[in-house]
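Trainee: What follows is a structure written as structure tokens; I'll ask about it next.
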Amino acid sequence: MTISNNNNIEHASLPQHVAIIMDGNGRWAQQQGKVRVAGHKAGVESVRACVTKARKMGVKALTLFAFSSENWMRPKDEVSVLMDLFMFVLTREVKRLHNNNIRFQLIGDKRRFSEKLQKKIVDAEQLTKNNDAMVLSIAANYGGRWDIAKATQKIAQHALAGDIDVNDIDEHLLNQYINLADLPELDMLIRTGGDYRISNFLLWQAAYAEFYFTETLWPDFKEQAFETALLSYSDRERRFGKTGDQVKAEKTEKD
Ligand code: IPE
Ligand code: IPE
Ligand code: MG
């Protein structure tokens, strides 16, 4: 399948890196009188739709929260269906990602997954590692606090080995050890499902992200809903601590 770059959003005002907390599958299913896992299965179509749309629009990085480090606390059966679904979707979709020049990676602690799933993940990462049209990061068994703790652990190891001077530890250095550091800064964080919280997702990376919350439940979040979210981003004024006048002046200078 070829994806062309036809869109009606100006390129400059498009977020380069978008993350999504894909929430509301269970409620979607309950509303339809179905079991919760039917919502997870339906949600796969929204993943497909958003990946395709992001690629088409020219988004450089898409990061999706699929399973949090806290989601292990859910009923065993639900966790098990989610793992099977992950395996199934990865098997089915990896070729399509590759054909569309998309690099796939998993962020999160892989060790808690089955050997089989870990292998699937590594194989998909290997196959797609040189692709450069877009990076699709799936956050699974991921937690923002885990990410930061892991980074500090690595830095401490380097400091102990004498490779890092403790006085050189600052936010720029720490940032290099945090997941997604090699990608453009996170511009936008979307959460579907009507809750207004971050649920231990990209705590560090979201420092200056634009937040977008929608009541739409994840299985209903398709191309159109995603485009509406991206359009809302183009209306935001990102000030990064400066005044609105300063930002406008800088923009005029650039144009
Ligand atoms: C998000 O949907 C998917 C995962 C957390 C795996 P939920 O399963 O949290 O759906 P709700 O929030 O219960 O509706
Ligand atoms: C966040 O959703 C995790 C994912 C979407 C994968 P949850 O539904 O688990 O979040 P909380 O627990 O309601 O905050
Ligand atoms: Mg939820």
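Residue 39 is where the sequence shown starts when you use my numbering, and the numbers rise one by one after that.
The C-beta atom is built at its ideal place from N, Cα and C for all residues, glycine as well.
When the Cα atoms are used, what is the spatial distance from residue 126 to residue 274?
Mentor: Taking the straight line joining both Cα atoms gives about 38 Å.
Trainee: Closer than 6 Å by C-beta to residue 242: which residues in its own chain qualify, once you throw out the five before and the five after it? Chain order, please.
Mentor: 186 and 216, listed in sequence order.
Trainee: Please determine whether the Cβ atom of residue 61 lies at a distance below 6 Å from any heavy atom of ligand 2.
Mentor: Checking the Cβ of residue 61 against ligand 2 gives yes.
Trainee: Measure from the alpha carbon of residue 176 to the alpha carbon of each residue in 233, 246, 103 and 153, then state which is nearest.
Mentor: Selected option, being the one with the closest Cα: 103.
Trainee: Which runs of the alpha helix (DSSP H) spanning at least 4 residues fall entirely within the stretch 105-181, listed in chain order?
Mentor: With a minimum length of 4 residues, the continuous alpha helix (DSSP H) runs that stay inside the stretch 105-181 are 114-137 and 153-166.
Trainee: Are the beta-carbon atoms of residue 59 and residue 239 separated by less than 7 Å?
Mentor: The answer is yes: Cβ separation under 7 Å.
Trainee: Closest to residue 184 by C-alpha separation, out of 237, 67, 68 and 265, would be which residue?
Mentor: Nearest option by C-alpha distance: 237.
Trainee: Quick check: residue 244 and residue 212, are their CB atoms within less than 7 Å of each other?
Mentor: Result no, Cβ atoms of residue 244 and residue 212 do not sit closer than 7 Å.
Trainee: Put residue 56 into one of helix, strand or coil per three-state DSSP.
Mentor: Residue 56: strand per DSSP, three-state reduction.
Trainee: Could you give the residue range of the beta strand (DSSP E) that holds residue 250?
Mentor: Note, residue 250: beta strand (DSSP E), 248-251.
Trainee: Is it buried or exposed for residue 210, if we count other Cβ within 10 angstroms and need 16 for buried?
Mentor: Exposed, because fewer than 16 other Cβ atoms sit within 10 Å of the Cβ of residue 210.
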